[in-house]
Structure formats: structure tokens, C-alpha cells
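Enquirer:
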Amino acid sequence: MNSNLFIVIAASAVFYGTPLLFAAMGEVLTERSGVLNLGVEGMMLLGAVAASYISNTASGPGWLVLVLCLLGAMGAAACGALIHAFAVITLRVNQTVSGLALTILAGGAGLSSYLANIWELKDPATHQFGKLDVFGLKDLPILGPVIFHQTMLTYLSWVLVVASTWYLFRTRAGLGLRAVGESPQTADSMGINVVRTRYTHTLVGGMFAGIAGAAYSLTIVPTWVDGMTSGAGWIAIALVIFGFWRPDLTMVGAYLFGALQGLAPTLQARGVDIPSAVLKSLPYLVTVVVLVIMSSGSAKRRLGAPAALGIPYEREER
Amino acid sequence: MAGVTRDETAGILIPAVSMRGITKRFPGVVANDSVDFEVRAGEVHALLGENGAGKSTLSNILAGIYRPDEGQLFLNGKLVELNSPRSAIEHGIGMVHQHFRLVQTFSVAENVALGLPGRFSKREAEDRVAALGERFGLPVDPRALIWQLSVGEQQRVEILKSLEREARVLILDEPTAVLTPPEAEVLFETLRTMAAEGRSVIFISHKLDEVMAVSDRVTVLRDATDVGVVEVSETTPRELARLMVGRDVVFNAEDTLNRATVDWERVVLQTVDLRANDDRGNPALNGVSLELHAGEILGVCGVSGNGQRELAEAICASRGRTGGQVLVDGETTIGKDPREMIRRRVSHIPEDRLHTGLAASVSIEDNLVLKAYRAHPFSLGPLLRRRSIRSNAIQLVEQFGVKAPGTSTSTRLLSGGNVQKVLLAREFSSDPVAVVAASPTRGLDVGSIETVRHLLLEAARRGVGVLLITEDLEEALALSDRILVMYEGRVAGEVSRDEADLTELGLLMGGRSAVGSGAQQTGGSES
Chain A
59 MNSNLFIVIA ASAVFYGTPL LFAAMGEVLT ERSGVLNLGV EGMMLLGAVA
109 ASYISNTASG PGWLVLVLCL LGAMGAAACG ALIHAFAVIT LRVNQTVSGL
159 ALTILAGGAG LSSYLANIWE LKDPATHQFG KLDVFGLKDL PILGPVIFHQ
209 TMLTYLSWVL VVASTWYLFR TRAGLGLRAV GESPQTADSM GINVVRTRYT
259 HTLVGGMFAG IAGAAYSLTI VPTWVDGMTS GAGWIAIALV IFGFWRPDLT
309 MVGAYLFGAL QGLAPTLQAR GVDIPSAVLK SLPYLVTVVV LVIMSSGSAK
359 RRLGAPAALG IPYEREER
Chain B
20 MAGVTRDETA GILIPAVSMR GITKRFPGVV ANDSVDFEVR AGEVHALLGE
70 NGAGKSTLSN ILAGIYRPDE GQLFLNGKLV ELNSPRSAIE HGIGMVHQHF
120 RLVQTFSVAE NVALGLPGRF SKREAEDRVA ALGERFGLPV DPRALIWQLS
170 VGEQQRVEIL KSLEREARVL ILDEPTAVLT PPEAEVLFET LRTMAAEGRS
220 VIFISHKLDE VMAVSDRVTV LRDATDVGVV EVSETTPREL ARLMVGRDVV
270 FNAEDTLNRA TVDWERVVLQ TVDLRANDDR GNPALNGVSL ELHAGEILGV
320 CGVSGNGQRE LAEAICASRG RTGGQVLVDG ETTIGKDPRE MIRRRVSHIP
370 EDRLHTGLAA SVSIEDNLVL KAYRAHPFSL GPLLRRRSIR SNAIQLVEQF
420 GVKAPGTSTS TRLLSGGNVQ KVLLAREFSS DPVAVVAASP TRGLDVGSIE
470 TVRHLLLEAA RRGVGVLLIT EDLEEALALS DRILVMYEGR VAGEVSRDEA
520 DLTELGLLMG GRSAVGSGAQ QTGGSES
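Structure below.
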């Protein structure tokens with residue numbers, strides 16, 4: 059019964075949706091502070107290459123190496139985020155331009171490929187996040203493969219969804235964060251440090267993207283391929299809108315897109331006769347449609363975009 | 020300061036706030052020039068001055084938002100340095116900004132709790148706000164979202180924010196600008212209560228009556244510096260006005276100006292059954308017919324939102340007409356393109372002068388030729404002639420008394436009155452036959468209001484027809500030859516200046532038919 063097509067797709071939706079969820083959740087936190095970071099794709103690739111390198115070179119117990127991989131991925135992606143943060147928060151550069159530049163700098167034919175080249179990353183990652191059998195329940199009907207037969211990263215993402223939802227809507231820091239994204243003038247006049255809030259959450263967003271990258275290079279692909287995230291960063295940005303800037307709803311969107319991504323390999327394996335190119339392009343097609351619909355200013359406002367998203371803040375402006 | 024040692028029995032009174040030699044420069048402008056300012060505990064102290072005199076800058080410095088380039092600040096006699104809003108809050112200074120600092124999508128309680136230390140509990144925050152509101156007589160539903168509240172209620176939230184932080188000094192920047200008169204009365208009561216509890220209340224305004232009504236003392240700012248401190252009990256509005264403007268102010272234009280003689284034979288602008296929709300596409304102008312004569316000032320009054328804005332825009336073709344006709348000098352117009360009306364020499368002074376009337380970040384000199392740059396003498400083929408654009412600007416700035424650091428300054432940096440003067444300079448210099456002026460004095464200070472009214476009267480004397488759309492009845496009565504009242508997109512009545520009185524106009528504005536002369540005119544047409 060667990061090989062039922064629907065269940066297989068549901069399980070693969072969670073599997074493929076996990077990196078999307080990490081990246082989108084990070085972007086939710088960043089955008090909630092009023093910073094738009096279009097560099098997600100680039101940051102993911104930095105994370106992916108760092109994780110891949112550490113996995114192949116570090117020695118020690120498997121779990122320790124994997125922890126190091128994650129820390130390395132988070133650190134590498136956060137470096138990318140720091141560039142963006144400095145440019146848009148301190149120098150008040152246009153956020154769209156800076157984010158695009160970051161993706162170009164770090165992305166497919168950029169820094170990440172260069173690093174992979176000098177590190178000679180060719181072999182499959184030595185240490186990978188394998189699928190676990192939680193409580194020995196992986197054969198449980200229906201729920202088994204979907205919930206109890208996933209990687210450690212999936213379970214980490216669930217913890218983070220709960221934690222970040224709670225952070226955003228139940229804590230004082232979260233209240234301050236949302237105020238900075240909605241009206242930095244107000245937050246500032248209430249004694250909240252706008253610059254620090256924006257830096258912190260841009261960096262945290264970068265770290266989440268780094269984990270997303272590691273999910274690609276250590277589970278989904280899991281050999282280094284240049285530009286291996288193949289646009290997942292852009293899907294993540296669309297997911298933020300799709301999820302109304304809320305981590306919990308973003309999770310739903312991530313698994314929806316995960317299902318679209320999982321569709322191609324699953325159907326092919328079963329010999330269903332739909333051209334694979336059509337299936338593979340589905341998530342991107344949906345992304346484009348979502349972005350076009352949401353790109354009008356009034357739609358953004360209605361959907362609950364932070365009011366100050368993309369606008370630099372300067373206290374002494376007249 | 021004379022007031023400091025007044026109470027001999029208490030020894031030397033130390034002022035709660037003392038700012039000395041405060042100077043603040045912005046690119047191209049000195050906003051505060053060595054200003055001294057003192058406030059005692061337990062008083063309502065008004066900071067009076069025209070727009071651009073430096074009131075907001077001074078209070079932003081006290082609130083820790085701007086850092087002064089020079090000068091010192093003493094709180095209760097101790098020298099302090101405020102380098103952020105946070106440090107101002109910690110020193111017990113709270114500010115209610117003119118444009119509220121509230122997060123629209125947050126609840127009242129969340130806005131008040133913002134930035135406070137400790138664990139956040141929604142329930143607790145709501146209880147605190149309710150208790151606070153009760154204590155100070157500022158009732159507001161703590162669970163309501165800001166955007167659901169009226170401006171008066173939003174202002175209450177702003178005050179509650181400062182009270183929650185136990186502010187000893189409360190600054191209110193033009194708090195009455197957004198309030199109805201009864202709301203303002205309630206606010207004044209609150210301010211007096213807070214002062215009676217020993218707080219210092221700084222009340223910023225350019226309205227003399229309010230300053231007289233609510234404050235104990237007044238510091239007057241003019242041209243970025245302080246020009247006097249007076250006790251309200253020992254002064255008169257006229258003296259305050261003189262201090263503020265630097266000369267005697269004529270309150271009623273009628274007294275001193277020769278009125279134009281209207282050429283009743285020549286109709287310069289006429290509308291026939293004019294119709295238009297509002298921004299949402301609902302009918303807002305339901306058949307307005309009017310005639311504007313050469314040399315006439317025709318006042319159009321009404322509660323805002325009764326089609327006045329649509330009338331101005333439909334005439335000037337910046338809004339599509341859905342029916343009816345507009346005739347200039349007896350010739351019909353097509354009304355598809357504002358440029359047609361410019362060619363017909365109909366000038367438009369829109370309500371939103373900075374954003375609709377001018378290009379805010381463009382320089383003064385370029386704004387002044389926005390209607391004329393396509394032709395000689397400002398361009399030659401596809402090229403602009405910068406030299407003649409500049410000399411045009413220098414001449415107009417001089418002629419209209421625009422105060423600006425230079426003609427290449429962007430208009431955004433000017434004060435409200437000077438922005439309006441730039442706009443008027445452009446519109447009047449194009450030799451119009453008719454001028455459509457929408458709320459031309461709204462939000463301006465006394466001196467600028469006087470200048471603008473003067474310019475309108477002068478234009479009429481030259482034979483220009485002026486359609487003056489205003490919510491200010493006194494203004495309409497002082498300037499107009501005839502007054503039309505609009506109600507729900509129609510002309511509800513017409514009165515001539517000699518017969519008009521405020522009560523009758525008020526009735527017409529409220530949609531009732533007036534008693535007396537206006538009554539038989541009620542209906543769609545008037546001509």
C-alpha cells in the first residue's frame with residue numbers, strides 16, 4: 059500500500075520540499091525585517107559547496123562531520139548575506155540590484171563553481187544525510203514513508219518552523235522585528251535598533267539558505283554539480299509570497315513545490331508517458347506565474363508584505 | 020531667561036529642559052541657528068513658528084532623532100547627550116510626531132509594548148494599555164488594529180506610548196492638524212491634566228488661537244532661530260503673529276486691497292453639465308455648470324469629498340470627463356490631454372502641490388519651466404537652453420519671494436509655503452486667462468497664506484478668472500465675488516459675497532437648502 063502513487067509523491071514532496079522550506083523560511087525572516095535578498099540562490103550554492111567540501115575532507119565520527127558540514131554551509135552562506143547586508147543596510151544600495159549581484163557572484167558560474175574546482179569536488183559526498191527510520195515506524199501505512207522515513211534535515215526544519223513562528227508572533231524580539239519591517243521610523247523612535255535588527259535577520263536568512271544548500275549537496279543530488287540548486291533559490295523567494303510571509307504557510311507551499319519537483323523522477327520511474335521536460339519545468343512555470351501575479355504593489359500590500367520591504371532606512375532623512 | 024528665577028521663595032528654579040545654542044544644518048539649509056529653548060516642569064509650552072522656522076527640527080533633536088551640529092542640552096540642570104531615540108526615551112522624553120509613528124498592522128497594545136524590555140505577553144500588554152487609558156482618560160480599545168482607528172484615536176495611542184514609558188517631557192508636533200475642533204478640545208484637556216501632574220508639555224503649532232488657548236508660555240521661532248519667549252497671559256494673538264512673521268500681518272485681505280472689477284460680459288471659463296468619476300470609478304461629479312468671468316474670483320466651497328477635486332481635475336483634463344463640456348473663452352475643449360488646457364492658458368494649482376503640482380526631487384528652475392520647456396526661449400530643437408532656464412528661475416524666485424538656497428535646489432527640500440510659491444510662480448508667469456486653484460493655502464503658515472491670497476487677488480485685478488476651491492469658508496468669503504457650494508457632486512447653491520453669511524453657507528454645505536437668497540438656485544445649474 060505504501061507504494062501507492064499518491065503516497066510516493068507525498069513522501070518525495072517532503073524530501074524535495076525540505077531545502078525549499080529552509081531557504082524560504084530564512085527569506086521570510088530577512089524580509090520581515092524589510093530587507094529583500096534575491097541572493098538566495100547564490101547563498102544556497104555557497105552552502106552547498108562548503109558542505110560538500112567538508113563532507114569529503116573532514117575526518118571523525120559521521121555525525122560530527124555532518125554537524126561541521128552544516129556549520130560550514132551556514133557560515134559560507136552567511137558571508138554572502140553579509141555582503142548583501144552591508145550593501146543595502148549600511149550603504150543603502152538598491153536591494154534588487156545587490157541581491158541579483160550576489161546570486162551572480164556566488165552562483166552557477168561564479169564563486170561556488172570556482173571553489174568546487176580548486177577543491178576538486180567530483181566524488182559523491184562521503185558523509186550524507188540518509189533517510190532515518192524514526193521509532194521504527196517507516197513501514198506504517200500512509201504516514202510511515204511521509205513522516206517517519208525522512209532525513210535529519212527534514213526533522214530539523216520542522217523544529218525551526220515551530221520555533222520561528224513562535225519567535226515572530228509570540229516574542230518581544232519578534233514584535234520588534236515585524237515593526238522594523240513595517241515601519242522602521244516607528245521602531246526606531248521606540249528604541250529598537252533598526253540597523254542591528256536588519257543585519258541579524260539578513261545573516262540568519264543566509265544561514266538558513268546555507269542549510270538548504272547543504273541539503274542539496276548532501277542528500278538530494280548528492281555529488282557536486284555546478285549550479286546544482288538549479289533555481290531552487292528563486293522558487294524559495296516565490297514561496298515567501300506564497301506563504302504570506304509566515305513560516306507555517308511557507309511549509310505548505312514548500313511541500314507543494316516539492317511535489318512538483320518530485321513528480322518527474324517518480325512518474326518516470328513508473329514509465330508514465332509525459333515528456334520529462336514538461337514535468338521538470340512545472341515548478342518554474344508556477345514560480346513565474348506566482349511572481350507575476352504578486353509583483354504588483356497593491357497585491358503585495360493585500361497579501362501582507364512588510365510595508366517597508368525594499369526601502370532603505372535613514373534616521374535623519376527629511 | 021526672566022522666568023527662571025521668578026519664584027524667589029523656591030530659590031532658583033531649574034528648568035526641566037534647557038537647550039542652548041542648538042544649530043542643525045541640512046544640505047543647503049540651516050534648520051536651527053543657535054536656538055535657545057527652555058521648558059519648566061508643569062507647564063504647557065508652545066513652540067510657535069511658521070512652516071520651515073525650525074520647530075520640527077528642534078523637537079526632533081530633543082527626541083534624539085536628529086543630532087545637533089552644535090549646542091548643549093540640559094535636563095533638570097544636568098548636561099546630557101542624546102544620540103538615539105532610545106536614549107531620549109531613557110531620559111523621559113516622549114514625542115508624538117506629526118505623522119504618527121505607529122505600525123498600522125499591529126494592535127494598539129502591540130504598538131504600546133513595542134521596544135519595552137521583558138517578556139512579551141499579549142494579554143498583559145492589553146491589560147496595561149486598558150489600565151493606562153483609564154487612568155489618563157484616554158480610552159481606546161487595546162485589541163483594535165491601528166488602521167481601524169480614527170486619527171484622533173491613533174493620536175491617543177501615541178500619547179499612551181509616551182505615558183507607558185513614564186515620559187516627563189512630552190512633545191507634540193502639530194497635534195491638532197489632523198483633529199476636528201471637538202477632538203482638539205479633548206486633547207487640550209489631556210495636555211492640561213498632564214502638565215498639572217508636573218510634566219512638561221511642548222506643544223508645536225502655527226495656529227495662534229490654539230497656542231493662546233492651551234499654553235502657559237510661548238517660544239517663537241522665526242528663520243531658524245528663537246525670537247522671543249512670552250507669557251500667554253501677557254500677550255495677544257496680534258503680537259504673537261508679529262513675532263512669528265516679523266511684521267504686522269493683515270488678517271483680512273478685504274481691508275486693504277482694491278478689488279478687481281469683474282467683466283461680467285466676458286466668460287473666460289465655462290462648464291456645462293460636467294461629469295466625472297472618482298479614483299474608484301464611481302460618479303463624483305454629477306453635472307456641474309458654472310461660469311467664471313474675467314477678473315472674477317469664484318469660490319467653490321463644500322465639505323471635502325463632494326466632488327471639488329474632481330471638478331478641478333476634470334476642468335484641467337488631468338481627469339477624464341464622462342460627460343458635459345468645458346469652454347475656454349467660449350470655445351469648446353476636447354479634454355483628453357492636460358496639455359490642451361495648458362495651451363488654452365488655463366492654469367491649475369492642484370491640492371497636492373508637492374507631488375501633483377511639481378516634481379518633488381527636481382530642481383526649482385526645472386520645475387518652473389515644466390509647462391514651457393518645449394518651446395522658445397527654453398529650448399532649441401531637442402536641446403534645452405539651460406542659461407535662459409536659469410535666468411527665468413532667478414527672476415521668478417526674486418519676484419515671488421521664494422526662500423531657497425539656490426535655483427538648483429530640489430523643491431522637496433523647501434518648506435510648504437515656498438513650495439506653493441514656486442508653483443504659483445510657474446502658473447502665474449504663463450499668462451493665464453483662468454486659474455483653477457484647489458486649496459491653495461491649506462497647511463501654510465500665516466505669512467505664506469497672506470502672500471498666496473495676495474497673488475490671487477492681484478491676478479484677478481489683471482483680468483484673470485480665478486476658480487478658488489477651498490474648504491476654508493472665511494477664505495472664500497474674504498476673496499470671492501461669488502460663492503458656489505458643492506454637495507454630492509452638484510452645485511447646491513450660489514450666493515454672492517455681499518449676501519453670504521457663514522450659517523447659510525454651512526447649511527448648504529451640509530446638504531440642506533438654505534434660507535434666503537441661495538434657495539431658489541438650488542439644483543444642478545446656476546447660470
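Here the protein sequences come in this chain order: A and B. Heads up, the first sequence is in my numbering, so the first residue is 59 and it goes up one at a time. Heads up, the second sequence is in my numbering, so the first residue is 20 and it goes up one at a time. C-beta atoms are modelled at their ideal positions from N, C-alpha and C, and glycine is treated no differently. These numbers come from a predicted model, not from an experiment.
With a threshold of 9 Å between beta-carbons, can residue 122(B) be considered close to chain A, or not?
Expert: Closer than 9 Å: yes.
Enquirer: Below 6 Å CB to CB, which residues in the same chain sit around residue 460(B) once its five sequence neighbours on both sides are set aside?
Expert: Excluding residues within five positions, the ones whose Cβ falls inside 6 Å are 468, 471.
Enquirer: From residue 275(B) to residue 483(B), what does the alpha carbon distance come to, in whole angstroms?
Expert: Reliability fails at residue 275(B), whose pLDDT of 46 lies under 50, so the model's placement of it is uncertain and no value is given.
Enquirer: Which parts of the region 385–459 of chain B are runs of the alpha helix (DSSP H), unbroken and 4 residues or longer, counting only runs that do not cross its ends?
Expert: DSSP runs (the alpha helix (DSSP H)) wholly in the region 385–459 of chain B: 405–419, 435–448.
Enquirer: Taking a contact to mean a Cβ-Cβ separation below 9 Å, would you say residue 373(B) touches residue 431(B) in this structure?
Expert: For residue 373(B) and residue 431(B), yes; Cβs fall inside 9 Å.
Enquirer: Indicate the three-state DSSP secondary structure (helix, strand or coil) for residue 319(A) in the structure shown.
Expert: Residue 319(A): helix per DSSP, three-state reduction.
Enquirer: Quick one: Cα of residue 364(B) to Cα of residue 501(B), how far?
Expert: Straight-line Cα distance between these residues: approximately 22 Å.
Enquirer: What's the gap between the Cα of residue 132(B) and the Cα of residue 80(B)?
Expert: Answer to the nearest angstrom: the Cα atoms are 24 Å apart.
Enquirer: At a CB distance below 8 Å, what residues from the region 236–257 of chain A approach chain B? Give them in sequence order.
Expert: Listed in sequence order: 236, 237, 240, 241, 243, 244, 245, 246, 247, 248, 249, 250, 251.
Enquirer: Would you call residue 431(A) buried or exposed, if buried means 16 or more other Cβ atoms sit within 10 Å of its Cβ?
Expert: Because chain A here runs from 59 to 376, residue 431(A) falls outside it and cannot be looked at.
Enquirer: Looking at chain B, is there any beta carbon in it that lies within less than 9 Å of the beta carbon of residue 374(A)?
Expert: Answer yes: the Cβ-Cβ gap between residue 374(A) and chain B drops below 9 Å somewhere.
Enquirer: What runs of the alpha helix (DSSP H), each 4 residues or longer, lie entirely inside the region 173–231 of chain A?
Expert: Listed in chain order, they are 210–228.
Enquirer: Which one of 56(B), 317(B), 361(B) has the shortest CA to CA distance from residue 42(B)?
Expert: Of the candidates 56(B), 317(B), 361(B), the one whose C-alpha sits nearest the C-alpha of residue 42(B) is 56(B).
Enquirer: What residue range is occupied by the uninterrupted beta strand (DSSP E) comprising residue 103(B)?
Expert: Premise fails: residue 103(B) is in no beta strand (DSSP E) and is neither H nor E.
Enquirer: To the nearest angstrom, report how far apart residue 77(A) and residue 68(A) are at their CA atoms.
Expert: In a straight line, the C-alpha of residue 77(A) is about 16 Å away from that of residue 68(A).
Enquirer: For residue 33(B), which residues from the same chain have a beta carbon less than 7 Å from its beta carbon, with the 5 sequence-adjacent residues on both sides left out?
Expert: Result list for residue 33(B): 95, 96, in chain order.
Enquirer: Quick check on residue 130(B): buried or exposed, where buried means 16 or more other Cβ atoms within 10 Å of its Cβ?
Expert: When all chains shown are included, residue 130(B) counts as buried.
Enquirer: Alpha carbon to alpha carbon, how far is residue 167(A) from residue 284(A)?
Expert: Approximately 7 Å between the Cα atoms of the pair.
Enquirer: Tell me whether the region 88–100 of chain A and the region 289–300 of chain A touch, counting them as touching only if at least three CB pairs, one residue from each stretch, are closer than 8 Å.
Expert: The region 88–100 of chain A is in contact with the region 289–300 of chain A.
Enquirer: Please confirm if residue 139(B) has its CB atom under 9 Å from at least one CB of chain A.
Expert: It does: the Cβ of residue 139(B) has a partner Cβ on chain A nearer than 9 Å.
Enquirer: Is residue 108(A) closer than 9 Å to residue 271(A) when the C-beta atoms are compared?
Expert: Yes, Cβ-Cβ distance for residue 271(A) and residue 108(A) is below 9 Å.
Enquirer: Leaving out five residues before and five after residue 255(A) in sequence, what residues of the same chain have Cβ atoms less than 7 Å from its Cβ?
Expert: The residues are 91, 234, 235, 238.
Enquirer: Name the one or two DSSP bridge partners that residue 192(B) has.
Expert: Residue 192(B) is bridged to 223(B).
Enquirer: Taking three-plus beta-carbon pairs below 8 Å as touching, is the region 442–454 of chain B in contact with the region 396–403 of chain B?
Expert: No, the region 442–454 of chain B does not touch the region 396–403 of chain B.
Enquirer: Apart from the five residues on each side of it in sequence, which residues of its chain come closer than 7 Å, Cβ to Cβ, to residue 367(A)?
Expert: The residues are 89, 92, 94, 239.
Enquirer: Check whether the Cβ of residue 194(B) lies closer than 9 Å to any Cβ atom in chain A.
Expert: Taking Cβ atoms only, chain A never reaches closer than 9 Å to residue 194(B), which makes this a no.
Enquirer: Beta carbon of residue 371(A), beta carbon of residue 204(A): below 9 Å?
Expert: The answer is no: Cβ separation not under 9 Å.
Enquirer: If you compare alpha carbons, which of 434(B), 263(B), 231(B) is closest to residue 252(B)?
Expert: When each option's Cα is compared against that of residue 252(B), the closest is 231(B).
Enquirer: DSSP three-state call for residue 117(B): helix, strand or coil?
Expert: Coil at residue 117(B), not helix or strand.
Enquirer: Terminal residues of the continuous beta strand (DSSP E) containing residue 476(B)?
Expert: Not the beta strand (DSSP E): residue 476(B) falls in the alpha helix (DSSP H), residues 465–480.
Enquirer: Run through the region 265–353 of chain A for me and flag every whole alpha helix (DSSP H) of 4 or more residues, listed as ranges in chain order.
Expert: Entirely contained in the region 265–353 of chain A, the alpha helix (DSSP H) runs reaching 4 residues are, in chain order, 290–300, 305–327, 334–352.
Enquirer: Where does residue 301(B) fall in DSSP's three states?
Expert: Residue state, collapsed to three classes: coil.
Enquirer: What three-state label does DSSP hand residue 72(A) in the structure shown?
Expert: Residue 72(A) falls in the helix class under three-state DSSP.
Enquirer: Got a sec, what are the start and stop residues for the beta strand (DSSP E) residue 255(B) sits in?
Expert: First-last for residue 255(B): undefined, no H or E at that position.
Enquirer: Contact defined as beta carbons within less than 8 Å: I believe residue 209(A) pairs with residue 187(A). What is the distance between those atoms, to the nearest angstrom?
Expert: About 4 Å separates the two Cβ atoms, so the contact holds.
Enquirer: Taking only runs of the beta strand (DSSP E) that begin and end inside the region 333–375 of chain B, which ones reach a length of at least 3 residues, in chain order?
Expert: For the region 333–375 of chain B, whole beta strand (DSSP E) runs of length 3 or above, ordered along the chain, are 342–347, 365–368.
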